[in-house]
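Visitor: Here it is: the structure, laid out below.
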Amino acid sequence: LGPALTGLVIQYLHLMPLRVPFWLLTALLVTAWMALETLKDADFLAQKGKPKAAPAPISLGVPSEISPHFWSFSALPIFTLFTLNGIILSLIPSFVKSVLHSSNLSVSGLLILLLLGGGALLQLLPLASEPVTRLRLGIALLSIGAWLVVFSGSTGSIVLLWIGVLVQALGSGWTFQISLRLAGELPHAEARSKVITTFYLAGYAGFIVPVIGTGVLTYFFDLHVSLVVLNTLASLLVLYMLGYSVRFRRYYAARKQEEIQVARSKVAAAGADQGAMTS
1291 LGPALTGLVI QYLHLMPLRV PFWLLTALLV TAWMALETLK DADFLAQKGK
1341 PKAAPAPISL GVPSEISPHF WSFSALPIFT LFTLNGIILS LIPSFVKSVL
1391 HSSNLSVSGL LILLLLGGGA LLQLLPLASE PVTRLRLGIA LLSIGAWLVV
1441 FSGSTGSIVL LWIGVLVQAL GSGWTFQISL RLAGELPHAE ARSKVITTFY
1491 LAGYAGFIVP VIGTGVLTYF FDLHVSLVVL NTLASLLVLY MLGYSVRFRR
1541 YYAARKQEEI QVARSKVAAA GADQGAMTS
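Going by the working numbering, the first residue of the sequence shown is number 1291, and it counts up by one from there.
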């Protein structure tokens, strides 16, 4: 919301452009804080009077039994997502101005709003609800959207740029949603915090690629060629993940079947115990 609001103020309002966006965003922040204060969290209130436990240490780690599946189909998707989205976030203002030759300052901010806000909202779409299928589609849409952005620079089409960012937003939402879900599902409860911390570390590491990669590539090539190189490397990762998804689907289906059998066994055992007590 910040980039979009700032771009609109600078482009159309012409009123203290370096101050008004901060005032508006501060007002939104205060409103959100006041709304949170009105909420009553029963769990928080119940724990408030109890002695505080020692904070759990922050650590990283992935259990060996899930390591290949986690790195290939949870950590790698979020790494690729942050890499491709990092390109948009860091380069789209320069791309819009120097490649598409648009002087409208609101376009870059609205594109960022579409990418991030659209990615969040499009997670609610009730399509392809099966996790592996949804993650496959999300990864593929990520790559397709990124290439549409590159092609918009080749053709000088601002419409194609909007379509590309929209497609990438859909892929971002689905990829983040399912890869985070798998980071929580794959490990046992005692290792879950370490795995999820590792998951986010992998994602934030993806933000390093656009900064360093583009900086090095633009030393030898122009911005458009640099984007082509980065997208090509990201596409290779996408192809690997799509290929690995075949193996992961078999593992995930067997794991779910095992969980169902364990749950049924527990229900049957509980029923037998209850029957023995009543008799």
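Don't be surprised by glycine CBs; every beta carbon is placed ideally from N, CA and C.
1. Near residue 1491, what residues of its chain come up, given a Cβ to Cβ distance below 8 Å and the 5 sequence neighbours on each side ignored?
2. Looking only at its chain, what residues have a beta carbon closer than 7 Å to the beta carbon of residue 1456, apart from the 5 residues adjacent to it on each side?
3. Starting from the Cα of residue 1535, find the closest Cα among 1329, 1301, 1367, 1304 and give me that residue.
4. Hey, how far is the Cα of residue 1511 from the Cα of residue 1504?
5. Tell me the rounded alpha-carbon separation between residue 1518 and residue 1388.
6. Does residue 1302 pass the burial test, meaning 16 or more other C-beta atoms within 10 Å, or should it be called exposed?
7. Determine the DSSP secondary structure at residue 1441, reduced to helix, strand or coil.
8. Does the contact criterion of 3 or more C-beta pairs under 8 Å hold for the region 1531 to 1546 versus the region 1371 to 1390?
9. Hey, is the region 1377 to 1384 in contact with the region 1543 to 1551, meaning 3+ C-beta pairs nearer than 8 Å?
10. Taking the CB atoms as reference points, tell me whether residue 1522 and residue 1516 lie closer together than 7 Å.
11. Whole-angstrom Cβ separation of residue 1297 and residue 1398, contact assumed at under 8 Å?
12. Considering only residues of the same chain and omitting the five flanking positions on each side of residue 1494, which have a CB-CB separation below 6 Å?
13. Of all the alpha helix (DSSP H) runs that stay within the bounds of the region 1465 to 1520, which reach a length of 4 or more residues?
14. Touch check for the region 1452 to 1468 and the region 1410 to 1429: three-plus C-beta pairs under 8 Å?
15. What residue range does the alpha helix (DSSP H) around residue 1325 cover?
16. Rounded to whole angstroms, what is the Cα-Cα separation between residue 1375 and residue 1462?
17. Let me know if residue 1416 comes out buried or exposed under the rule of 16 or more other beta-carbons within 10 Å of its beta-carbon.
18. How close, in whole Å, do the beta carbons of residue 1432 and residue 1442 come, if the pair is a contact with beta carbons under 8 Å?
19. For residue 1310 and residue 1299, what's the separation of their Cα atoms in angstroms?
20. Report the three-state DSSP secondary structure of residue 1428 (helix, strand or coil).
21. Is DSSP giving residue 1351 helix, strand or coil here?
22. Taking the straight line between their C-alpha atoms, what separation do you get for residue 1438 and residue 1452?
23. Look at the Cβ atom of residue 1372, then the Cβ atom of residue 1476, and state whether they are nearer than 7 Å.
Guide: Looking at the coordinates:
1. In the sequence shown, counting from the first residue as 1, residue 1491 sits at position 201. Exclusion of the five residues before and after residue 1491 leaves 1350 as the residues of its chain whose Cβ lies within less than 8 Å of its Cβ.
2. Translated into positions along the sequence shown, residue 1456 becomes position 166. The answer, listed in chain order, is 1404, 1408.
3. Sequence index remark: in the sequence shown, residue 1535 carries index 245 (1-based). Out of 1329, 1301, 1367, 1304, 1367 has the C-alpha closest to the C-alpha of residue 1535.
4. Taking the sequence shown and counting its residues from 1, one reaches residue 1511 at position 221. Taking the sequence shown and counting its residues from 1, one reaches residue 1504 at position 214. Here the alpha carbons of residue 1504 and residue 1511 stand approximately 10 Å from one another.
5. Numbered from 1 along the sequence shown, position 228 holds the residue referred to as residue 1518. Numbered from 1 along the sequence shown, position 98 holds the residue referred to as residue 1388. Residue 1518 and residue 1388: Cα-Cα distance of roughly 16 Å.
6. In the sequence shown, counting from the first residue as 1, residue 1302 sits at position 12. Its Cβ having fewer than 16 others within 10 Å, residue 1302 is exposed.
7. Here residue 1441 refers to the residue found at position 151 of the sequence shown. In this structure, residue 1441 counts as helix in the three-state DSSP scheme.
8. Between the region 1531 to 1546 and the region 1371 to 1390 there are fewer than three inter-stretch CB-CB distances shorter than 8 Å, so the stretches are not counted as touching.
9. Not touching, per the Cβ criterion.
10. Within the sequence shown, numbered from 1, the residue matching residue 1522 stands at position 232. Within the sequence shown, numbered from 1, the residue matching residue 1516 stands at position 226. Contact: no.
11. What you label residue 1297 is simply residue 7 of the sequence shown in a count that begins at 1. What you label residue 1398 is simply residue 108 of the sequence shown in a count that begins at 1. That belief holds up - the Cβ atoms of residue 1297 and residue 1398 are roughly 6 Å apart, short of 8 Å.
12. As a working note, residue 1494 is residue 204 in the sequence shown. So the list is empty, once near-sequence residues are dropped.
13. Secondary structure within the region 1465 to 1520: the alpha helix (DSSP H) runs of 4 or more consecutive residues, fully enclosed, are 1479 to 1496, 1498 to 1510 (chain order).
14. Contact holds between the region 1452 to 1468 and the region 1410 to 1429, because three or more Cβ pairs, one in each stretch, are under 8 Å apart.
15. To locate residue 1325, count along the sequence shown from 1; it is residue 35. Run containing residue 1325: 1310 to 1328, per the alpha helix (DSSP H) assignment.
16. To locate residue 1375, count along the sequence shown from 1; it is residue 85. To locate residue 1462, count along the sequence shown from 1; it is residue 172. Straight-line Cα distance between these residues: approximately 8 Å.
17. In the sequence shown, counting from the first residue as 1, residue 1416 sits at position 126. Exposed.
18. Counting from 1 along the sequence shown, the entry for residue 1432 is found at position 142. Counting from 1 along the sequence shown, the entry for residue 1442 is found at position 152. Contact between residue 1432 and residue 1442 is ruled out by a C-beta separation of about 16 Å, above the 8 Å threshold.
19. Counting from one through the sequence shown, the residue named residue 1310 turns up at place 20. Counting from one through the sequence shown, the residue named residue 1299 turns up at place 9. Just so you know, the alpha carbons of residue 1310 and residue 1299 end up roughly 8 Å apart.
20. On the sequence shown, position 138 is the one that residue 1428 refers to. Helix, per DSSP.
21. Position 61 of the sequence shown holds residue 1351. Residue state, collapsed to three classes: coil.
22. Taking the sequence shown and counting its residues from 1, the one referred to as residue 1438 is at position 148. Taking the sequence shown and counting its residues from 1, the one referred to as residue 1452 is at position 162. Between the alpha carbons of residue 1438 and residue 1452 lies a distance of about 9 Å.
23. Translated into positions along the sequence shown, residue 1372 becomes position 82. Translated into positions along the sequence shown, residue 1476 becomes position 186. Going by C-beta atoms, residue 1372 is not nearer than 7 Å to residue 1476.
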